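Protein chains in written order, with our numbering: chain A, 1 to 272; chain B, 273 to 541; chain C, 542 to 810. Idealized CB from N, CA, C, for every residue including glycine. Please read these numbers as outputs of a predicted model, since none were measured by experiment. Remarks on the structure that follows.
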Amino acid sequence: MTPPATPPAVLAADRVGFAYRGAAPALADVSVSVVPGRSLALVGESGAGKTTLLRLLLGLTRPSTGRVLFDGRELATRDRSLMREFRRGVQPVFQDPYSSLDPRQRVGRIVAEPLRSLGLPASSGAAGPAPRGGKAAVAERVGAALRAVGLPEEAAGRYPHEFSGGQRQRIAIARAIVCEPRVLLADEPVSALDVSTRVRIVDLLAELRDTYGLTVVMVSHDLAVVAALCRHTAVLEHGRIVEQGDTASVLGSPAHSYTRRLVGSVPRLPRL
Amino acid sequence: MSLLEVTGLRVAAADGRELVRDVSFAVDAGERLGLIGESGSGKSLTALAIMGLLPAGMTVAGGVVLDVPGLGRTEVAGLAEQRLNALRGRAATVVFQEPLTALDPLMRVGRQLAEPLRRRRGLRGAALRAAVRAALTEVRLAEPDRIAKAFPHQISGGQRQRVAIAMALACEPALLIADEPTTALDVTVQADVLALLDALVREKGMALLFISHDLAVVSAVTDRVVVLKDGVAVESGAVADIVRAPAHPYTRSLVASARELDSALDLAP
Amino acid sequence: MRRLTLVSGCVLAGAVVAIAVVSFLWLPYPPEDTSGGRLAPPGLPHLLGTDKLGRDLFTQLMIGARIALGVGLGSVALGGLLGVAAGLVAGFATRWLDDTVAVVLDILIAFPTLLLAMLLVAVRDASLGSAILAIGLAMSAVVARLTRVLVKRVLAQDYITAARTSGTSWRRIVTEHVLPNIWPTLVVNLALQLGLAVLAEASLSYLGLGPPPPNASWGRMLQEAQATVLVAPVGAIAPGVLVVALVVGVNLIADGLRDVADPTRRRTR
Numbered sequence: 001m002t003p004p005a006t007p008p009a010v011l012a013a014d015r016v017g018f019a020y021r022g023a024a025p026a027l028a029d030v031s032v033s034v035v036p037g038r039s040l041a042l043v044g045e046s047g048a049g050k051t052t053l054l055r056l057l058l059g060l061t062r063p064s065t066g067r068v069l070f071d072g073r074e075l076a077t078r079d080r081s082l083m084r085e086f087r088r089g090v091q092p093v094f095q096d097p098y099s100s101l102d103p104r105q106r107v108g109r110i111v112a113e114p115l116r117s118l119g120l121p122a123s124s125g126a127a128g129p130a131p132r133g134g135k136a137a138v139a140e141r142v143g144a145a146l147r148a149v150g151l152p153e154e155a156a157g158r159y160p161h162e163f164s165g166g167q168r169q170r171i172a173i174a175r176a177i178v179c180e181p182r183v184l185l186a187d188e189p190v191s192a193l194d195v196s197t198r199v200r201i202v203d204l205l206a207e208l209r210d211t212y213g214l215t216v217v218m219v220s221h222d223l224a225v226v227a228a229l230c231r232h233t234a235v236l237e238h239g240r241i242v243e244q245g246d247t248a249s250v251l252g253s254p255a256h257s258y259t260r261r262l263v264g265s266v267p268r269l270p271r272l
Numbered sequence: 273m274s275l276l277e278v279t280g281l282r283v284a285a286a287d288g289r290e291l292v293r294d295v296s297f298a299v300d301a302g303e304r305l306g307l308i309g310e311s312g313s314g315k316s317l318t319a320l321a322i323m324g325l326l327p328a329g330m331t332v333a334g335g336v337v338l339d340v341p342g343l344g345r346t347e348v349a350g351l352a353e354q355r356l357n358a359l360r361g362r363a364a365t366v367v368f369q370e371p372l373t374a375l376d377p378l379m380r381v382g383r384q385l386a387e388p389l390r391r392r393r394g395l396r397g398a399a400l401r402a403a404v405r406a407a408l409t410e411v412r413l414a415e416p417d418r419i420a421k422a423f424p425h426q427i428s429g430g431q432r433q434r435v436a437i438a439m440a441l442a443c444e445p446a447l448l449i450a451d452e453p454t455t456a457l458d459v460t461v462q463a464d465v466l467a468l469l470d471a472l473v474r475e476k477g478m479a480l481l482f483i484s485h486d487l488a489v490v491s492a493v494t495d496r497v498v499v500l501k502d503g504v505a506v507e508s509g510a511v512a513d514i515v516r517a518p519a520h521p522y523t524r525s526l527v528a529s530a531r532e533l534d535s536a537l538d539l540a541p
Numbered sequence: 542m543r544r545l546t547l548v549s550g551c552v553l554a555g556a557v558v559a560i561a562v563v564s565f566l567w568l569p570y571p572p573e574d575t576s577g578g579r580l581a582p583p584g585l586p587h588l589l590g591t592d593k594l595g596r597d598l599f600t601q602l603m604i605g606a607r608i609a610l611g612v613g614l615g616s617v618a619l620g621g622l623l624g625v626a627a628g629l630v631a632g633f634a635t636r637w638l639d640d641t642v643a644v645v646l647d648i649l650i651a652f653p654t655l656l657l658a659m660l661l662v663a664v665r666d667a668s669l670g671s672a673i674l675a676i677g678l679a680m681s682a683v684v685a686r687l688t689r690v691l692v693k694r695v696l697a698q699d700y701i702t703a704a705r706t707s708g709t710s711w712r713r714i715v716t717e718h719v720l721p722n723i724w725p726t727l728v729v730n731l732a733l734q735l736g737l738a739v740l741a742e743a744s745l746s747y748l749g750l751g752p753p754p755p756n757a758s759w760g761r762m763l764q765e766a767q768a769t770v771l772v773a774p775v776g777a778i779a780p781g782v783l784v785v786a787l788v789v790g791v792n793l794i795a796d797g798l799r800d801v802a803d804p805t806r807r808r809t810r
């Protein structure tokens, strides 16, 4: 194995390929690294393989070829302690805040799910769910997560349908950060939202990135959001990475013709 | 006399809540107007009210007058379904956000497109087939014969939206209403479809009512905009003026949000 | 409005339940008592008269309520349990297994309940258990098919993916997300199935495939009263009225239940 030139990646796709049964490959020979503190955007249009790559990085699907690495170790569903560490370290936010929250659970329960499933916060030393005082500790973590995303703690007692789209996305982000992950994988986190809400969620993600040292990985076709949030950008076309590098240079002076077309297509406001 | 005159339009839900309140604007023949607002602002309801397509239970008040040369002045609100049907298509048609639901999934694209052509121009047989082909070519579809034989799910989202536009144009409307026509599309496809709409509206001298939540998109295709918030028209004027100097606080925040995202793209390489 | 449906359903079905409960504690006459003479008219001492064997009709009706509810609830319990289990398995299954289950279910649903009942009676005997088994098995296929669709719909939601990325076990995903989300629809459907099961039991008994005497069944009472319906109409009308009351009551409850368990339909505080 060749040592990486950049600081060691938390999460990496190493020459991964993926094909759905009986179909042309959705991904071919894709390598991306998530380096701590360097937010990454995966840019591309529908059918480019963004969502497939995200599912691989979330450990939901196994690549047909290549490897997905977490802290340099290959993901293996049978290695339970590795998977637990991985689940705790990498959390998702989805596009549609109406589909991503269980309508029958109260917000407090939704946000607490990663804690319950991961058995957090673990009582000192002992593994498994905390026996006593565990409930209070969970409630405290949930309250803190809700505050961090700009929602009142009382939100915990209400149901998702009582909230607007933007607030629901905040709840989904609270669930993702409640177990203090290192990486947030966001799949088009703002594209279902109105423009003003979109700006506020982008600001929130930027704030979380800066204050909690979260590394944001965002899949998006919205170049403005990518430019606002991510330092590094990889451009996907037809399941391959055609260009990657610093966002400023990839989007500012695109080298590949597809990237140029993508950048040229973004509708802009009239100049002042 | 304007082609479309909306005066004091009010739309109320079945439970009495007012969803559109006292909205007025006019569109002249060949003019382009943008309706901009976020979800729940009443922009789509306004479009449906113009077409007389509001869901059952909703009540409409105020005036919607379509004045089309050759069809005369018609008050849409309260018009019988039969008269409305005669008006839809020739006076105004809509292109919706999601072309997949706007097309019949079980009918080949060519047949769906043939229907308005037959009705509007009385074409039959070979002449009708030629017209379908011409209509598909007009919306810059590269393989008109293959598309005509395909079912809606067999073509891409961008191609479907082009087919929907071709169907709208087949009626030769005086006013084209486009309700978020590119929101469901990819960026590059959106750019192509916007350019297509722009060119077609110019060629045919149609008026365009373009509805969107995206200020940048609206400014790319229209000259004037009306800003809607919670069913109220808070501001209207030339796109350039509104983007440069928004007067109403809501418009100011809307422009600021759009500006914030837009400026992120001003990257120094 | 919903509340009214629920209340009137509870009143109708509740009356039958009350009769069934009372039948365990008190009966006007022993079920086999024929001392009243044949076809006595309604009045005293026999409230609804007697049948052609001289048995008290009111006593028979009370026992019939017990049987109808027993078979109905028994088969819903059996069919619900089997159906939900099979539907869950199919809903979670991979493509190949799922397709197989779907085909098997379609065949089972097409298989007539009556034929299944006849087969079971031939193999076992005509008894309460056979009736429950036949109706429950037939019902389980319908419930399984519904459950499968509901499960698939829930599994496609992002909150399931979110649960998986937190390492939530499949067992917990089923109990905490899938079942609570499909439950309201299932309960409504099971209530409708209860009504159908009561009707099915009446049909089986009418054909002589139901539980044998001394279990009085409304279906058999109808059949026995058929020959003398012109002389003693009460014998046919009374069980008919009770069947209708129970089935309509249960259906009204099903309709009224639709909203109760759904937080998204409850008014916001």
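- In terms of beta-carbon proximity, E410(B) stays away from the interface with chain A, with every pair separated by 8 Å or more.
- In the displayed model, V278(B) falls within a strand according to three-state DSSP.
- With respect to chain C, the C-beta atom of F94(A) has a partner C-beta closer than 8 Å.
- Between the C-alpha atoms of A402(B) and G309(B) there is a straight-line separation of about 40 Å.
- Straight across, the Cα-Cα distance linking R713(C) with I173(A) is about 22 Å.
- In the three-state DSSP reduction, F297(B) falls in the strand class (E or B).
- Annotated as proximal: Q244(A) and A234(A), with beta-carbon spacing under 8 Å.
- DSSP, reduced to helix, strand and coil, places F599(C) within a helical segment of the structure shown.
- Annotation for G760(C): E742, A743, S744, L745, S746, Y747 and G751 place their beta carbon closer than 7 Å to its own, counting only its chain and skipping 5 residues before and after.
- Using a Cβ-Cβ cut-off of 8 Å, R261(A) is close to T460 of chain B, given in chain order.
- Nearest in C-alpha terms to S164(A), of all of V138(A), A23(A), R198(A) and P121(A), is R198(A).
- A direct Cα-Cα distance of roughly 8 Å separates D647(C) from A682(C).
- Looking at the DSSP output, M218(A) shares a beta bridge with A41(A) and A186(A).
- Three or more beta-carbon pairs separated by less than 8 Å are not found between the region 198-212 of chain A and the region 47-63 of chain A, which leaves the two stretches without contact.
- Around the beta carbon of K135(A), fewer than 16 other beta carbons sit within 10 angstroms, so the residue counts as exposed.
- In the displayed model, V801(C) falls within a helix according to three-state DSSP.
- Nearest neighbour of A609(C) by Cα position, chosen from L696(C), V739(C), D796(C) and L771(C), turns out to be V739(C).
- Cβ neighbours of L547(C) within its own chain (closer than 6 Å, five residues either side excluded): G797.
- Per the DSSP secondary-structure output, G245(A) pairs in a beta bridge with T233(A).
- Annotation for R705(C): I714 place their beta carbon closer than 8 Å to its own, counting only its chain and skipping 5 residues before and after.
- When secondary structure is reduced to three states using DSSP, P388(B) falls in the helix class.
- The CB of S491(B) comes closer than 9 Å to the CB of P267, R268, L269 and P270 in chain A, given here in chain order.
- For T331(B), the enclosing beta strand (DSSP E) stretches over residues T331 to V340.
- Around G22(A), no beta-carbon contact reaches into chain B at under 9 Å, the shortest distance being about 17 Å.
- Residue-level contact check: R705(C) touches chain A, since one or more beta carbons of chain A fall below 8 Å from its beta carbon.
- Under the criterion of beta carbons closer than 8 Å, G503(B) and L291(B) qualify as touching, at roughly 5 Å.
- The distance from the Cβ of L793(C) to that of G550(C) is about 3 Å, consistent with a contact at the 8 Å cut-off.
- Per DSSP, reduced to three states, the secondary structure at P254(A) is coil, with no helix or strand assignment.
- Of all residues in the region 26-54 of chain A, only E45 and S46 place a beta-carbon less than 7 Å from a beta-carbon of chain B.
- Cβ neighbours of V263(A) within its own chain (closer than 8 Å, five residues either side excluded): L223, L251 and P254.
- For S33(A), the uninterrupted beta strand (DSSP E) segment begins and ends at L27 to V34.
- The beta carbon of R524(B) does not come within 8 Å of any beta carbon belonging to chain A, so the residue lies off that interface.
- Between R87(A) and chain C, the shortest Cβ-Cβ separation is below 8 Å.
- Contacts with chain A (Cβ-Cβ distance below 7 Å) from the region 473-503 of chain B involve H485, D486, L487, A488, V489, S491 and A492, listed in chain order.
- Selection R636(C), L661(C), L623(C) and G708(C) evaluated against M83(A) yields G708(C) as nearest (Cα-Cα).
- Its Cα nearest to that of A328(B), the residue G350(B) stands out among M379(B), S535(B) and G350(B).
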